[in-house]
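Converting from the sequence shown to my numbering requires adding 676 to each position, the first position being numbered 1.
Below is one structure; the comments refer to it alone.
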Amino acid sequence: MTYSLNTLQKDAPVQTPLTGFRRFAQEIALTAGFVFLAFWLLALVTHSNADPAWTTSGTQGVVRNWGGRLGAWLGDLSFLLVGYSVWWCYLAALTTWLTSLAQRLRGDDEAQDETSGWMHTRWAFWTGLVLLMISSTGLEWTRLYRFDDHLPGLQAGGAVGYLVGSHGLQWLGFNGSAMVFIVFLLVGVSWVFRFTWLGLAESLGERIDDLWERLQEKREMAQDLAMGQAAAKEREEVAHEVREDSENHKPAPVLIVEPEVVEIPKSARVVRERQKPLFSDMPDSRLPQVDLLDTNTGRQDTVPADTLEMTSRLIEKKLKDFGVEVHVVAASPGPVITRYEIEPATGVKGSQIVNLAKDLARSLSLVSIRVVETIPGKNYMALELPNAKRQSIRLSEILGSQVYNEAKSLLTMGLGKDIVG
């Protein structure tokens, strides 16, 4: 058998909105409930055993209860029946009134007992209230008997407590009855106030966990703040020391090795070819004469000292930016390149400087840099940088030198000059 959606909707109970009379009756009931709860609270709080009521005739004609004679009778009867457990009844009534008021404010005309779970049904509430009163009055009669003199009828737990407590002691004993009453109390409180102890434990655990996490976050933030302040203070101290050191310490000047002026001795061939005969025929020679080449016009300018000093400091700074600390100890300018001798700091490997050659060249805006890892007789390394203005080396200087012409090898080639010229 199948049902369509329309059939299911037709079979579903239709909740008609409250009519004007029923709505008015509900509002009257809420108002009357509020007045009764307020009067009952006043009667319970201001109750006095000296007032004339159900169990006492009173010592004087003055009624001390703020609810008057009616309040005195209501408070006396409440404490007489269930003792101090009457406060459970009051809390249950107050919770019911607040729930009804909330439903009225939300516009829920009908109670949602059947659709909100069995714990929200009326029978669960009344069953829980009965269990709560039985257990509470029984515990009060068996455990809180020292309050007998403060209650009407001289019975802690009232008449219900006397009935339940005496039978509990008779059949279950002192400890057994207490255990049963505690179980009934837990079940009754859960059913009356519509919660589960497991859900309460989870909610309490979540709140404790959230509180613990917030405390952890605050403690971590405080630790981070303290560490940050300590680090900032330490950095400030280091910066202050560095500033003082920089103000008091002047770096050692770079040793500038000026190249010696080397006069290249002329070969006998140059002198011989320079003396040309006037009337005789030119000698039969297989090689062209050297004087056909352009001669050197004189020594050209070298790299200025201030440029060498600035470049030395720039090399130290750029390598320090790459995490390598060195000190330039000497600079040897040549006709084409300048050699800067550097002293690596303790713990710096030569391979680190070799691997940074291209990066250093790029940072110095140079095409390339040659790294000399070892210098004979020294514990330094060297960096060879091309000069901004290179000197011109004439071929006549090479071919006309004495060293070239006196070479015994037939394969002697003139390639140029070394760094010192």
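Beta carbons: idealized from backbone N, C-alpha and C, even for Gly.
None of these values were measured; they are calculated from a predicted model.
Residue i (DSSP reduced to helix, strand or coil)
i	result
Ser1027	helix
Lys993	helix
Ser988	helix
Ser1085	coil
Gly1092	coil
Tyr1080	helix
Gly881	helix
Val1012	coil
Phe998	coil
Phe871	coil
Leu827	coil
Gln892	helix
Val979	coil
Gln965	coil
Selected residue, minimal CA-CA separation from residue i, among the options
i	options	result
Ser1039	Leu995, Ala981, Leu901 and Ala1006	Leu995
Val806	Trp764, Phe871, Gly783 and Asp824	Trp764
Phe801	Gly743, Thr771, Glu913 and Gln1067	Thr771
Glu816	Val865, Val836 and Gly804	Val836
Asp1015	Gln702, Ile1045 and Leu990	The amino acid at residue 1015 is misidentified as Asp; the sequence shows Arg. It is Ile1045 whose Cα lies nearest to the Cα of Arg1015.
Pro1011	Gln1067, Leu969 and Ala981	Gln1067
Val762	Ala729, Ala1007, Pro828 and Gly709	Pro828
Arg1070	Gly1092, Ser811, Leu1087 and Met1057	Gly1092
Val859	Val739, Ser811 and Gln899	Ser811
His843	Gly814, Phe869, Tyr1056 and Val863	Gly814
Leu1032	Glu992, Leu862 and Glu1082	Glu992
Leu1036	Phe998, Gly1053 and Leu753	Phe998
Trp722	Gln702, Thr731, Ala1064 and Leu746	Note on identity: in this sequence residue 722 is Thr, with Trp being the wrong assignment. Cα-wise, what sits closest to Thr722 is Leu746.
Val863	Met809, Leu781 and Leu901	Met809
Gln702	Thr731, Arg780 and Pro728	Arg780
Arg822	Gly881, Gly759 and Thr978	Gly759
Leu969	Lys1025, Arg989 and Ile1074	Ile1074
His826	Trp888, Gly751 and Gly881	Gly751
Phe755	Ala719, Arg782 and Ile1029	Ala719
Leu767	Gly743, Trp716, Arg782 and Gly783	Trp716
Val979	Ala1064, Val840, Thr775 and Asn725	Ala1064
Phe857	Thr797, Trp888 and Arg819	Arg819
Start and end residues, beta strand (DSSP E) containing residue i
i	result
His642	Any property of residue 642 remains undetermined from this structure, which presents the chain solely from 677 to 1097.
Min CB distance residue i to chain D below 8 Å
i	result
Arg890	Absent here is chain D; the protein component of the structure consists of one chain.
Cut-off 7 Å between Cβ atoms - residues of its own chain near residue i, not counting five sequence neighbours on either side
i	result
Tyr838	Trp817 and Gln831
Leu713	Ala769, Leu770 and Trp773
Phe869	Thr771
Ser988	Val930, Val1004, Ala1007 and Tyr1016
Asn741	Ala719, Thr722, His723, Ser724, Asp727, Gly747, Ala748 and Gly751
Host alpha helix (DSSP H) of residue i (start-end)
i	result
Val856	Gly834 to Val868
Phe801	Arg798 to Arg819
8 Å Cβ shell around residue i - same chain, five flanking residues per side excluded
i	result
Leu777	Leu706
Gly1160	Residue 1160 falls outside the range modelled here, since the chain spans only 677 to 1097, and no answer is possible.
Ile1051	Glu1017, Met1057 and Ala1058
Glu790	Since pLDDT at Glu790 reaches only 47, below the 50 mark, its modelled position is unreliable, and the value read off the structure follows with that caveat. Thr797, listed in sequence order.
Sequence-distant residues of the same chain with beta carbon closer than 6 Å to residue i, five excluded per side
i	result
Glu1001	Ala1021
Val739	Asp727, Arg745 and Ala748
Trp867	Ala800 and Gly804
Leu753	Trp730
Contained alpha helix (DSSP H) runs [length at least 4] in the stretch 1014 to 1074, N- to C-terminal order: 1026 to 1031 and 1033 to 1039
Inside the stretch 706 to 790 only - alpha helix (DSSP H) runs reaching at least 4 residues: 744 to 758 and 762 to 782
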